[in-house]
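Set out below in structure tokens:
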């Protein structure tokens, strides 16, 4: 031990001597000055890039070792990839300091309205603030399926504001009441924009208040994971409304390998089967009969046990695609229902399906959120308040069978929670997954409910 300690000490001393003789120290004028807080989210990269040539610190290694060391840059402008635009490089959000003081909301024009900007509009006005969230992965084109431009402005506005199409068919102008329902979030009095530079126009006052509360809850550093509603709203405006076909296709992919269609064998694993029955009971019947309008004999394919799941989901003459062989009429009805959704509801459905790996769980969450907003609106009408027994019975039935975000998180984690009870919880893994699933499900349900009520 003493010999090894002596060798390590001699190595450290030799390294220090080599570093002092080979690496020149930079002058005080070449050291970078990093601001502790940014006054505004506007890009400062272009100004720093034009300030002058950058200075690099020499890191030549000794000739005997023949090793290459990383060179450290003392440039006043950060080194970025060539495929990152200066504005996008400065919009990285994670770990950034809070650059605003006051958060509020303000009335906004609906998407596609004459008073609102079109997707082809250029730079943001001085009265608005660019989003610090980058489009794609740090603003690059490295991510697949990320839309960076809006090709069809008419389709974009119609998916974000379906009522606009009805207004054009019924009347030529929109009422002031419709314009008052759209709001935006303001940071220090300036309206927020999406990562693509589009106005952040939200169709509900409750949704705008919720997004504003997410921004106001940020403390010293901004945490994107703590703003799920802001993420869903920007996704709906920038991605889903611009290319709904890709998101509809991804949603339908979860139907063929739906998690809720793979059941445990009641003879081999009775405990897990009882847990699945408790959470998934009536799920397929409700969606097949109530949502899709199919007869009772048309049900989705189910597999019980691992052996049956492998046999049913493999490709064969009757099942040309991998996955469970659902009835074709069920798949067709599901596709038609997905195509009727607006960009906001489709975003909520996509988020719920991706988190649960199940089309039926995501569809039940969105369907019940829409039905819940409709029943609450019906119960607040004078006809229902006067004692309509039919409306009261319907509301009572809805309260008994409601599938909210809590139910969706439980339904999506049946097997994992069962394994946690059997083998224990891994801190820093299972607990984070449980929390993230609950956040995503509640955010998707809130988005669908507020948009439907608006």
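Residue numbers (the numbering used here): 1 to 454. C-beta atoms are modelled at their ideal positions from N, C-alpha and C, and glycine is treated no differently. None of these values were measured; they are calculated from a predicted model.
Item	Value
Is it true that the CB of residue 351 sits closer than 9 Å to the CB of residue 450?	no
Tell me which same chain residues have a C-beta within less than 8 Å of the C-beta of residue 335, skipping the five on either side of it?	248 and 252
Which of the three DSSP states, helix, strand or coil, is assigned to residue 441?	helix
Which of helix, strand or coil does DSSP assign to residue 153?	helix
What is the residue span of the alpha helix (DSSP H) that residue 247 lies within?	244-256
With a threshold of 16 other CB atoms inside 10 Å of the CB of residue 267, please say whether the residue is buried or exposed.	exposed
Pick helix, strand or coil for residue 185, following the three-state DSSP scheme.	strand
Report all residues from its chain with a CB closer than 7 Å to the CB of residue 183; omit the five preceding and five following residues, and keep chain order.	105, 106, 107, 108, 202, 205 and 208
Closest to residue 98 by C-alpha separation, out of 154, 224, 246 and 310, would be which residue?	224
Just reading off the alpha helix (DSSP H) that residue 237 is part of, what are its end residues?	Segment: none, residue 237 is in no alpha helix (DSSP H) and carries neither H nor E.
Buried or exposed for residue 226, please, with buried defined as at least 16 other CB atoms from any protein chain shown within 10 angstroms of its CB.	exposed
Only counting the same chain, and skipping five residues up and downstream in sequence, which positions put a Cβ closer than 7 Å to that of residue 355?	412, 437, 440 and 441
By the 10 Å Cβ neighbour count, where 16 or more other Cβ atoms means buried, how is residue 102 classified, buried or exposed?	exposed
Cα separation between residue 369 and residue 403?	8 Å
Comparing alpha-carbon positions, which option in 254, 338, 195 and 272 lies nearest residue 233?	195
Less than 9 Å separating the beta-carbons of residue 364 and residue 408?	yes
Can you tell me the Cα-Cα spacing of residue 419 and residue 275, whole angstroms?	12 Å
What separation, rounded to the nearest whole angstrom, lies between the Cα atoms of residue 284 and residue 360?	7 Å
If residue 446 sits next to residue 229, beta carbons under 8 Å apart, how far is it from one beta carbon to the other, in whole angstroms?	7 Å
Beta strand (DSSP E) containing residue 191: first to last residue?	190-192
How long is the line joining the alpha carbons of residue 113 and residue 286, rounded to whole angstroms?	38 Å
Residue range of the beta strand (DSSP E) that residue 104 falls in?	103-107
Am I right that residue 254 and residue 353 are in contact with their C-beta atoms under 8 Å? What's the rounded C-beta distance?	5 Å
DSSP three-state label for residue 432, please.	helix
In terms of residue numbering, what span does the alpha helix (DSSP H) encompassing residue 148 cover?	Per DSSP, residue 148 belongs to no alpha helix (DSSP H) and is neither H nor E.
Return the residue from the list 443, 444 and 416 that minimises the CA-CA distance to residue 431.	416
Using CA coordinates, which residue listed in 210, 428 and 256 is at the minimum distance from residue 331?	256
Express the C-alpha separation of residue 340 and residue 110 in angstroms, rounding to a whole number.	20 Å
Candidates 199, 100, 297 and 152: which alpha carbon is nearest residue 219's?	100
Counting only the same chain and skipping the five closest in sequence on each side, list residues whose C-beta sits under 7 Å from that of residue 323.	256, 257 and 313
Assign residue 270 to buried or exposed, taking buried as 16 or more other Cβ atoms, counted over all protein chains shown, within 10 Å of its Cβ.	exposed
Kindly indicate the opening and closing residues of the alpha helix (DSSP H) around residue 276.	270-280
Kindly indicate which residue of 366, 281, 263 and 410 has the alpha-carbon position closest to the one of residue 307.	263
Report yes if the CB atom of residue 337 is closer than 9 Å to the CB atom of residue 292, and no otherwise.	yes
Indicate the three-state DSSP secondary structure (helix, strand or coil) for residue 346 in the structure shown.	helix
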